[in-house]
Amino acid sequence: MAKKIPMRQCIGCSEMKSKKELLRILRTESEGIILDATGRKNGRGAYICPNAECLKKAKKSRGLERSFKIQVSDEIYDSLTKEIERIEKSVRNARNGDESG
Ligand SMILES: [Zn+2]
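Going by this note's numbering, the first residue of the sequence shown is number 10, and it counts up by one from there.
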């Protein structure tokens, strides 16, 4: 029997991927729209690939607005882009550090 993996759609490239491969963006009452790196916070979530390209696409197509049904300013997209770029870098560094041969 094949295991059923829960799939989510990236708001940038619209590809379906498993939750593990995606980052969760949350809309919270207190903090507004944030990147949920731990995946543990409650709230309405949208999913995106961990790369800045997909966030650019989401910004163009207003993916967050469609997911959350609220206005999302460019500043929010910009700060999310910065966070994702930081995550991208740390993932890359972790991979490089892994090459022990
Ligand atoms: Zn994507």
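Ideal placement from N, C-alpha and C gives every residue a C-beta, glycine not left out.
Keep in mind that this is a model prediction, so the values were computed, not measured.
Residue i versus residue j - alpha carbon distance
| i | j | result |
| --- | --- | --- |
| I42 | I85 | 7 angstroms |
| G48 | S88 | 18 angstroms |
| I34 | L44 | 5 angstroms |
Neighbourhood of residue i by C-beta, 6 angstroms cutoff - its chain only, sequence neighbours within 5 removed
| i | result |
| --- | --- |
| G72 | I20 |
| R36 | I42, G52, R53 and F77 |
Helix, strand or coil at residue i according to DSSP, with G and I counted as helix
| i | result |
| --- | --- |
| G72 | helix |
| G48 | coil |
| S39 | coil |
| A11 | coil |
| C19 | strand |
8 angstroms Cβ shell around residue i - same chain, five flanking residues per side excluded
| i | result |
| --- | --- |
| E97 | P59, N60 and A61 |
Short CB-CB distance (under 8 angstroms) between residue i and chain B
| i | result |
| --- | --- |
| I57 | Any reference to chain B falls outside this structure, which holds one protein chain only. |
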